Amino acid sequence: MTRKEVKAAEKLKNGDCIIRVEQHKTSRYFGQAAVPLTKQEYSWFLIYNCLRSRIEGGLEAETFHTSSGSKCLKLPEYFKEAWESLQLGKAPSFNLLRSSVATYKKRQLESKAYKRVAAFMCHDEHTAKKFYHAEDPAAEIFNSRSLSITAISAYAVKTKGGTQERRATEEVED
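If you read the sequence shown in our numbering, its first letter stands for residue 262, the second for the next number, and so on.
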């Protein structure tokens with residue numbers, strides 16, 4: 262995601278935004294990635310863009326960058342630190358989160374919703390060719406986001422609950 266992509270985000274009537282990202286791991290199969298953000302979340306990107314000139318590496322194009330301005334490759338590490346600092350239990354990997362969302366959607370959603378979320382997440386080349394539409398309506402993009410958040414929340418509750426149960430068992434055994 263670049264500064265230009267953040268600045269060029271599609272603004273919706275309710276204040277929400279969609280950032281369209283050209284370059285990502287599966288772009289050759291899925292085209293642009295759509296990053297749906299609430300008005301508040303998008304404001305964080307705008308504020309950061311205003312502060313970039315004061316940050317080492319901030320003048321480069323990448324939104325997530327190192328102090329030298331190159332792409333930040335440690336996002337998974339930072340994600341795990343944030344997850345654990347929120348006391349949500351052992352942090353999952355990005356791949357495990359994607360798998361959790363995929364499992365949830367497969368088990369819980371009817372076929373049409375399942376296919377929409379799969380496309381939203383840039384899952385599976387075969388599925389992409391059949392079901393992906395580069396210019397999805399904003400309502401569908403935000404609905405896919407909501408379904409993904411539900412799946413991640415279910416994972417967090419399950420993980421946190423398991424961690425609390427283990428702690429209680431360990432205390433009894435001591």
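Positions of the beta carbon are idealized from the N, C-alpha and C atoms, including for glycine. Owing to the predicted nature of the structure, the values given are computational and were not obtained by experimental measurement.
Here the stretch 400 to 412 lies against the stretch 355 to 372, with 3 or more beta-carbon pairs under 8 Å apart.
The C-alpha of R281 is placed about 24 Å away from the C-alpha of I316.
Boundaries around P297 are those of the beta strand (DSSP E), 294 to 298, since no alpha helix (DSSP H) includes it. In this structure, the alpha-carbon of E401 lies about 27 Å from that of W344. One alpha carbon belongs to Y303, the other to C333, and they sit about 20 Å apart. When DSSP states are grouped into helix, strand and coil, T263 belongs to the strand group. Annotated three-state conformation of K376 is helix, per DSSP. The C-alpha of R313 is placed about 24 Å away from the C-alpha of K341. The beta carbons of E283 and E266 sit closer together than 9 Å.
Distance from P297 to R406 at the Cβ level is roughly 5 Å; contact confirmed, criterion being Cβ atoms closer than 8 Å.
In the displayed model, E321 falls within coil according to three-state DSSP, outside both helix and strand.
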